[in-house]
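Peer 1: Numbering (full-length UniProt numbering), first residue to last: 1 to 262.
1) Contact check, residue 349 vs residue 62 under 8 angstroms by CB: the rounded distance?
2) So, residue 93 versus residue 75, is the Cβ gap smaller than 8 angstroms?
3) By a C-beta neighbour count over all protein chains shown, 10 Å radius and 16 as the cutoff for buried, is residue 221 buried or exposed?
4) Given this structure, state the Cα-to-Cα distance separating residue 215 from residue 168, to the nearest angstrom.
5) When the cut-off is 8 angstroms and only beta carbons count, does residue 136 lie next to chain B?
6) At what residue ranges does the region 131-174 contain a whole run of the alpha helix (DSSP H), taking only runs of 4 or more?
7) Is the beta carbon of residue 116 less than 8 angstroms from the beta carbon of residue 29?
8) Would you mind stating whether residue 56 and residue 249 have Cβ atoms separated by less than 8 angstroms?
9) Please report the straight-line C-alpha distance between residue 148 and residue 53, rounded to a whole angstrom.
10) Assuming residue 72 is part of the beta strand (DSSP E), what are its boundary residues?
11) Have a look at the DSSP bridge pairing and note the partners of residue 95.
12) What would DSSP say about residue 42, mapped onto helix, strand or coil?
13) What are the boundary residues of the alpha helix (DSSP H) that includes residue 126?
14) Who are the Cβ neighbours of residue 257 in its own chain at under 6 angstroms, not counting the five residues just before and after it?
15) With a threshold of 8 angstroms, are at least 3 pairs of Cβ atoms found where one atom belongs to the region 137-154 and the other to the region 17-28?
16) Given a cut-off of 8 angstroms, decide if residue 95 and residue 103 are closer than it, judged by their beta-carbon atoms.
17) Around the C-beta of residue 32, are 16 or more other C-beta atoms found within 10 angstroms, so that it is buried, or is it exposed?
18) Could you check how far apart the C-beta atoms of residue 111 and residue 66 are, in whole angstroms? I think they sit under 8 angstroms.
19) Which one or two residues does DSSP pair with residue 257 in a beta bridge?
20) Alpha carbon to alpha carbon, what distance is there between residue 135 and residue 113?
21) Can you find the residues in the same chain that come closer than 7 angstroms, C-beta to C-beta, to residue 253, ignoring five residues on each side of it along the sequence?
22) When we look at the beta-carbon of residue 84 and count the other beta-carbons within 10 Å, is it buried (16 or more) or exposed?
23) Looking only at its own chain, which residues have a Cβ that is under 6 angstroms from the Cβ of residue 243, when we skip the five neighbours before and after it?
24) Based on DSSP bridge pairs, tell me the residues matched to residue 241.
25) Could you check where the beta strand (DSSP E) with residue 82 kicks off and where it finishes?
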């Protein structure tokens with residue numbers, strides 16, 4: 001029998017405010033916890049991306065609400081969820097009874113306190129970029145191009161988060177601004193301009209550290225006519241995991257994802 005000294009203990013790998021990320025090496029799991037509640041949008045998005053694309057993301061195993069409710073996600077042999085249903089941009093949990101009947105339960109956009117997901121091996125790109133050779137960078141670039149292109153194939157009708165939630169934009173001074181779904185790209189563009197002005201008025205130089213975005217959150221061109229497509233919302237090096245060959249092993253931290261103008 002292994003001694004207690006040989007059993008790896010769960011350890012915190014990230015902490016900011018009341019949010020903590022814990023790696024349980026023994027269970028090969030990641031626990032994302034928040035005392036005041038996380039958003040439901042990240043686990044829903046991870047399940048959605050897993051089921052509808054080939055983009056590598058951590059598999060969500062459990063979603064625990066602040067009021068004690070828990071949703072355990074099941075997967076088939078192909079790795080797709082079996083108790084999650086998508087209909088008209090809404091997400092439902094499907095529960096089956098002993099007689100073969102089923103009931104669809106709408107995911108509520110309440111706060112959650114814990115998300116349990118699979119651990120995915122890899123290093124964050126911000127830590128290994130300087131050590132990658134040209135060949136590894138080429139592999140990385142091809143992977144990112146492929147995955148972002150695939151993401152753009154997921155079309156939406158309105159500018160919103162999955163499940164009809166509010167868009168969640170990161171301002172230049174690292175605060176989160178929530179806004180309910182936009183009916184047009186023009187209104188979204190106006191909102192961006194206001195946030196940009198507010199950021200410049202309040203932020204210090206340090207607040208502009210490294211935040212960039214793969215979405216149109218920082219773009220301002222003809223959004224009224226653009227297609228609305230699914231977007232990660234915070235695709236920066238720290239949210240890209242890569243292996244020693246340069247391949248992307250996972251895209252993580254989808255809490256700001258949603259449908260945005262292309």
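Yeah, the Cβ is synthetic: ideal placement off N, Cα and C, and Gly gets one too.
Peer 2: Result, derived from the coordinates:
1) This structure does not reach residue 349, given that the chain is present from 1 up to 262, and the question cannot be answered.
2) The Cβ atoms of residue 93 and residue 75 lie no closer than 8 angstroms to each other.
3) Confidence at residue 221 is low in this model, with a pLDDT of 48, below 50, so its placement is unreliable and no value can be given for it.
4) Confidence at residue 215 is low in this model, with a pLDDT of 45, below 50, so the placement of that residue is unreliable and no value is reported for it.
5) In summary, chain B is missing from the structure at hand, where a single protein chain is found.
6) Runs of the alpha helix (DSSP H) inside the region 131-174: 134-152.
7) Yes, these two residues count as a Cβ contact at 8 angstroms.
8) Yes, Cβ-Cβ distance for residue 56 and residue 249 is below 8 angstroms.
9) One C-alpha to the other measures close to 11 angstroms.
10) DSSP places residue 72 inside the beta strand (DSSP E), whose first and last residues are 70-72.
11) Note: residue 95 sits in a beta bridge opposite 103.
12) Reduced to three states, the DSSP call for residue 42 is helix.
13) Where residue 126 is concerned, the enclosing alpha helix (DSSP H) stretches over 125-128.
14) Its chain contains 45, 232 and 233 as the residues whose beta carbon lies nearer than 6 angstroms to that of residue 257, once the 5 sequence neighbours on both sides are disregarded; these appear in chain order.
15) Too few Cβ pairs lie closer than 8 angstroms, so no.
16) Yes. Within cutoff.
17) So residue 32 ends up on the buried side.
18) Residue 111 to residue 66, Cβ: 5 angstroms. Contact.
19) For residue 257, no pairing in a beta bridge is given by DSSP.
20) Rounded to whole angstroms, residue 113 to residue 135 spans 41 angstroms at the Cα level.
21) If we look at residue 253 and ignore the five residues flanking it on each side, its Cβ neighbours are 234 and 239.
22) The residue is buried, with at least 16 neighbouring Cβ atoms inside 10 Å.
23) 122 and 249, listed in sequence order.
24) Partner(s): 124 and 250.
25) In the DSSP assignment, residue 82 falls outside any beta strand (DSSP E), carrying neither H nor E.
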